[in-house]
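Participant:
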Amino acid sequence: MKLKLLALSLALAGVQVTNAAQWDYPSAAITVTNQAEALRYLQDNYASVGELKFRYQTRSQLGDHYNFDVLVDGQYQPQRTIVLSTNQDSQIERIFKSLEDTVIRNGQAMPAAELELPVRLEVTEPPALNSGELVTVPVSVFDPDLRTMQQQAAPDSAWNSLEDYPQPLQYVEKQIQVLQSDGKFYLANERVKQVDALALLPTPAVGAEPVRDTSSILPPEGVQSFADVKAMQSAQLGDNAFLQLMAFYHLDNSLQYLSSLSYDLFEEPLRFDGRGLALDNSSYYTGSRALMLGVGGVSPDAADADVILHELGHGIHYQIVPDWAYGHTGAIGEGVGDYWAGSASYRTQYLDAARRGQEFEIDTVFNWDGMFGVRRATRSLWNQRARYFEGAEYRAHESVGGELGDELWSTPLFQALKASVARYGDGSDRVFRDFDSIVLEGMYGVGRGVKMHDLAESTVFAATMLFPEKEYAQILKDSFAQHNLLKVPFNARYQSRYINAGETVELTLSHTGRSASVKGNWSLNNDTSKAVDVQLANSASFSANLPTGLTCGAPFESKVSVDYQFAEGLKAQSWQNVTALVNGVPLLLNKPKTIEDALTDASINSRGQEVQGNKIFVQTLSDKTQKIDDSFAVYLDIEHANLADLHITLTSPQGQSVVLFNHQPSQSGGFTGYFTVQHDPQLQALVGEPSWGTWRLEVSDRVVGNSGALKAWGVSHFNQYQCGADTTSKSNGNGSGGSGSPWALFGLLVLSMLRVVRSRNNDSSKRR
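See the structure below:
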């Protein structure tokens, strides 16, 4: 439950990470009604991928999904798959191709043990349902947890025992359906049943004897039973029976909720043991479809509904995608579990009219359990600092770029849920039902090797198809974009964003991983237009003269609008990029400082932990009469192999910090240009401050493996723009100007107004 957080580095010895999956959207209306027809279509259209063998089929609200293994020269490729999805009319809707190995150690593709060698459980079962009858009884539980119920503030430091909790215990009464058999009551019904875990049974190697592993399992306690209803009702925190009741109620309640959304994921009752593991950890075992909760912490895991429902979240993604492994599935799975727990807690509080609008710590999971122990161990559903690095290996509970990968997936989902409730909430659970359905449906159709941007695209697709009349898809796009989780097909970069008279506007259009046939146009200032008609195998360059009639120092629009097709037989899609360019270059009053100083790369310490590389540069302005207004600019000239590794902040003499770069994706090798108060909103926080004093530029590198240097930088006021032979003062046209290296894509992406139109290796899934 509280595993040590590890840091991730792409430079870890023997680790190779690849870019794997792609989505195809066929243009022809072709009907597929069974696995044989799906196989025939794939053999006809994807013959080059190798031999295909049917693995499984699932059905969702949007259609059917046929998952196939890939064999190359007759050899099964564990990490590869191709999935064909149809719509409700059985017509092919899309294809998920995952045709490269994504988890490689020392040159070898590593198989996922949870899929290839699943761990099973030896358990004691309760009596069969047909041995008695199901009855409904009231019990007392926490919902979702005691801190949330009582809105108890977090302690300054973690509580060391349950007795440290400052308030008296309080319970809520809930109805549960249980089995009455032979004069006793058992926690079992058609959806869920409590078992007593005895041992883990790893799949033995060929020819080897089976092994019973009891090292992490509590000694046998027997299946929980109750002599009468009064015994059930009197169970309290501190009693073994209370933990089993907590797990039973919350699992059963969530499974009934899933069913009400038309997602009946478990064919047989889900098995659980609320006192299964002797560890301070809980796990879902996909090989046995069983959920085991730990009691090794100060507070047992089953005392917190967030822990219970987080583990159920793992069961959910394994039931939707039975071959869940490889790619980014480790961190995604943790994010799914956190989201499922957070959504349930939020929904419970929202439906209480007395608490609506005053929901308690909804951006945090494990609000109870995480407050006990050596240190706090909660997780966030509001990590807006996290940024996506496509080439990283997002394993469970590991940090990438200084932020926890688990939170990178849960945060945009949960924040989009909150935005949806704010937009459409009516006091009922309708928006929660809509959005939870989107999250579930988005996982259908993916398979082994899925990465975060693949699932982000699929989740937006699900929102569009399920609720076309609502803005859920756009809300998700906005939330995913905050973390760079939506992969655009192309990048548009300009040699200079700030153009002097006599210079041409130079545009380079490049794809982001997939070649395409591209047709459309490029316009400047809604006037000058040039045709774009290329087979974009890598990149293509275009140039145009500055439009006439531009005001010196004023911005003008550059717009690229294209239709593109990845291959014959696939649907054409649209993409648009709008960038604000500036007519003129600001003439700074203070010349930028030449630095030529190497930046500090992130590194891995002796404990295998990621240490970010930080470097600070300072500059002092001496004019005490100046205050920051529209005439203030920042100049930056930086070289780096991958600017997306960097987080760059500028701190004023008054201590106000603004972010210049925040890991935005880039394919360029540097940035040379300006930031101004007039044209860059992030500088607005500085307006009105005195500009004199010492300014601090901090460059933080959070990903190992790329190097760079700061060549020059400066802060300054300016009075004029240079536009050829003419100049204009700031009173005639406030704004910014700049120039860039030929590869200044990143700065352009940061400064642009961008619009895009288109659209574990254990068997157990551990919470910490």
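Counted the way mature numbering (1 follows the signal peptide of the UniProt record, and there is no 0) counts, the sequence shown spans residues -20 to -1, 1 to 748. The C-beta atom is built at its ideal place from N, Cα and C for all residues, glycine as well.
In the DSSP assignment, what are the bridge partners of TRP693?
Facilitator: As a working mapping, residue 693 is identified with position 713 in the sequence shown. According to DSSP, which records beta bridges pairwise, TRP693 is partnered with LYS573 and LEU616.
Participant: DSSP three-state call for SER602: helix, strand or coil?
Facilitator: Taking the first residue of the sequence shown as position 1, residue 602 is located at position 622. Coil, per DSSP.
Participant: How big is the Cα-Cα spacing for ILE312 and LEU466?
Facilitator: On the sequence shown, position 332 is the one that residue 312 refers to. On the sequence shown, position 486 is the one that residue 466 refers to. Near 15 Å, if we compare the C-alpha coordinates of LEU466 and ILE312.
Participant: At the level of alpha carbons, what is the spacing between ALA560 and VAL639?
Facilitator: For the purposes of this step, residue 560 is taken as the residue at position 580 of the sequence shown. For the purposes of this step, residue 639 is taken as the residue at position 659 of the sequence shown. Distance between the alpha carbons of ALA560 and VAL639: 20 Å.
Participant: May I have the straight-line CA-CA distance separating TYR145 from PRO58, to the nearest angstrom?
Facilitator: Counting from 1 along the sequence shown, the entry for residue 145 is found at position 165. Counting from 1 along the sequence shown, the entry for residue 58 is found at position 78. Rounded to the nearest angstrom, the two C-alpha atoms are 49 Å apart.
Participant: Kindly indicate which residue of LEU579, ALA227 and LEU19 has the alpha-carbon position closest to the one of residue 749.
Facilitator: Residue coverage of the chain in this structure runs from -20 to 748, which leaves residue 749 outside it and unanswerable.
Participant: In whole angstroms, what is the alpha-carbon distance linking LYS595 and VAL684?
Facilitator: Locating residue 595 in the sequence shown gives position 615, where the first residue counts as 1. Locating residue 684 in the sequence shown gives position 704, where the first residue counts as 1. Whole-angstrom Cα-Cα distance: 15 Å.
Participant: Given a threshold of 16 other Cβ atoms within 10 Å of its Cβ, counted over all protein chains shown, does LEU331 qualify as buried or as exposed?
Facilitator: Residue mapping note: residue 331 aligns to position 351 of the sequence shown, counting from 1. Exposed.
Participant: For the alpha helix (DSSP H) that PHE228 lies in, which residues bound it at each end?
Facilitator: The residue you call residue 228 lines up with position 248 of the sequence shown. First-last of the alpha helix (DSSP H) with PHE228: 220 to 240.
Participant: SER476: which of LEU178, LEU526 and SER459 sits nearest, CA to CA?
Facilitator: Against the sequence shown, residue 476 aligns to sequence position 496. Looking at the Cα atoms, LEU526 is the closest of the given residues.
Participant: Below 8 Å, how does it come out for the region 176 to 194 and the region 120 to 132: are there three or more Cβ pairs, yes or no?
Facilitator: No: fewer than three Cβ pairs fall under 8 Å.
Participant: Quick one, which of TRP693, ARG676 and VAL614 has its alpha-carbon nearest residue 829's?
Facilitator: Within the shown structure, residues of the chain are numbered from -20 to 748, placing residue 829 beyond reach of any answer.
Participant: Compare the beta carbon distance of ILE62 and ILE75 with 8 Å and say whether it is the shorter of the two.
Facilitator: In the sequence shown, residue 62 corresponds to position 82, counting from 1. In the sequence shown, residue 75 corresponds to position 95, counting from 1. A contact, by the Cβ cut-off of 8 Å.
Participant: Quick one, are the C-beta atoms of VAL99 and LEU223 less than 8 Å apart?
Facilitator: Looking up residue 99 in the sequence shown gives position 119. Looking up residue 223 in the sequence shown gives position 243. Against a cut-off of 8 Å, the Cβ pair of LEU223 and VAL99 comes out as no contact.
Participant: Among residues of its own chain, excluding the 5 on either side of ALA453, which ones have a beta-carbon nearer than 7 Å to its beta-carbon?
Facilitator: As a working note, residue 453 is residue 473 in the sequence shown. Once the five neighbours on either side are set aside, the close Cβ partners of ALA453 are VAL440, ALA443 and THR444.
Participant: To which residues does DSSP link ASP193 through a beta bridge?
Facilitator: Start at 1 with the first residue of the sequence shown, and residue 193 comes out as number 213. Beta-bridge pairing links ASP193 to LEU180.
Participant: Since PRO633 contacts TRP675 with CB under 8 Å, what's their CB separation in whole angstroms?
Facilitator: Position 653 of the sequence shown, counted from the start, is the residue given in the question as residue 633. Position 695 of the sequence shown, counted from the start, is the residue given in the question as residue 675. Right, their Cβ atoms sit about 7 Å apart.
Participant: Between LEU250 and LEU231, how many whole angstroms is the CB-CB distance? I'm expecting something under 8 Å.
Facilitator: For the purposes of this step, residue 250 is taken as residue 270 along the sequence shown, with counting starting at 1. For the purposes of this step, residue 231 is taken as residue 251 along the sequence shown, with counting starting at 1. Their Cβ separation, rounded to whole angstroms, is 6 Å, which keeps LEU250 and LEU231 in contact under 8 Å.
Participant: Taking 8 Å as the threshold, find out whether the region 411 to 418 comes into contact with the region 284 to 293 through three or more Cβ pairs.
Facilitator: Flag = no, the region 411 to 418 and the region 284 to 293 do not touch.
Participant: Quick check on DSSP: helix, strand or coil for HIS627?
Facilitator: Here residue 627 corresponds to residue number 647 of the sequence shown, with the count starting at 1. It is a strand residue.
Participant: In terms of residues, what are the limits of the alpha helix (DSSP H) holding ALA442?
Facilitator: Indexing the sequence shown from 1 puts residue 442 at position 462. Start and end: 432 to 446.
Participant: Any chance the region 303 to 310 sits against the region 268 to 283, with 3 or more Cβ pairs inside 8 Å?
Facilitator: No, the region 303 to 310 is not in contact with the region 268 to 283.
Participant: What alpha helix (DSSP H) runs, 4 residues minimum, are completely inside the region 120 to 178?
Facilitator: With a minimum length of 4 residues, the continuous alpha helix (DSSP H) runs that stay inside the region 120 to 178 are 126 to 130.
Participant: Go ahead and pull the three-state DSSP assignment for GLY715.
Facilitator: Position 735 of the sequence shown, counted from the start, is the residue given in the question as residue 715. Any reading at GLY715 must be qualified, since the residue scores a pLDDT of 33, below 50, and its modelled position is unreliable; no value is offered.
Participant: Is it buried or exposed for LEU271, if we count other Cβ within 10 angstroms and need 16 for buried?
Facilitator: To locate residue 271, count along the sequence shown from 1; it is residue 291. So LEU271 counts as buried.
Participant: Using the rule of at least 16 other Cβ atoms within 10 Å of the residue's Cβ for burial, across every protein chain shown, is ASN585 buried or exposed?
Facilitator: Taking the sequence shown and counting its residues from 1, one reaches residue 585 at position 605. When all chains shown are included, ASN585 counts as exposed.
Participant: Within the same chain, show all residues whose beta-carbon is closer than 6 Å to that of VAL591, passing over the 5 residues directly before and after it, in chain order.
Facilitator: The residue you call residue 591 lines up with position 611 of the sequence shown. Within the same chain, VAL591 has close Cβ partners SER583 and ASN585.
Participant: Apart from the five residues on each side of it in sequence, which residues of its chain come closer than 8 Å, Cβ to Cβ, to LEU550?
Facilitator: Taking the first residue of the sequence shown as 1, we reach residue 550 at position 570. ASP4, TYR5, PRO6 and SER7.
Participant: If I measure Cβ to Cβ from ALA621 and keep anything under 7 Å in the same chain, skipping five residues before and after, which residues do I get?
Facilitator: The count along the sequence shown starts at 1 and reaches residue 621 at position 641. If we look at ALA621 and ignore the five residues flanking it on each side, its Cβ neighbours are GLY649, ASN686, SER687 and GLY688.
Participant: Would you tell me roughly how many angstroms separate the C-alpha atoms of ASN506 and GLN644, rounded to the nearest one?
Facilitator: Working through the sequence shown from its first residue, we reach residue 506 at position 526. Working through the sequence shown from its first residue, we reach residue 644 at position 664. Computed Cα separation, rounded: 27 Å.
Participant: Span of the alpha helix (DSSP H) holding LYS210?
Facilitator: Looking up residue 210 in the sequence shown gives position 230. Segment 209 to 213, the alpha helix (DSSP H) holding LYS210.
Participant: Closest to SER214 by C-alpha separation, out of SER637, MET351 and SER120, would be which residue?
Facilitator: The residue given as residue 214 occupies position 234 in the sequence shown. Nearest of SER637, MET351 and SER120 to SER214, Cα basis: SER120.
Participant: If distances are taken between C-alpha atoms only, which option among ASP244, LEU238, SER195 and VAL468 comes closest to ASP416?
Facilitator: Locating residue 416 in the sequence shown gives position 436, counting from the first residue. The shortest Cα separation from ASP416 among ASP244, LEU238, SER195 and VAL468 belongs to LEU238.
Participant: In this structure, does DSSP put ASP44 in helix, strand or coil?
Facilitator: As a working mapping, residue 44 is identified with position 64 in the sequence shown. Note: ASP44 maps to strand in three-state DSSP.
Participant: Hey, how far is the Cα of SER196 from the Cα of LEU101?
Facilitator: The residue labelled residue 196 in the question sits at position 216 within the sequence shown. The residue labelled residue 101 in the question sits at position 121 within the sequence shown. Distance between the alpha carbons of SER196 and LEU101 is about 12 Å.
Participant: When burial is assigned at 16 or more other CB atoms within 10 Å of the CB, is ASN557 buried or exposed?
Facilitator: In the sequence shown, counting from the first residue as 1, residue 557 sits at position 577. The residue is buried, with at least 16 neighbouring Cβ atoms inside 10 Å.
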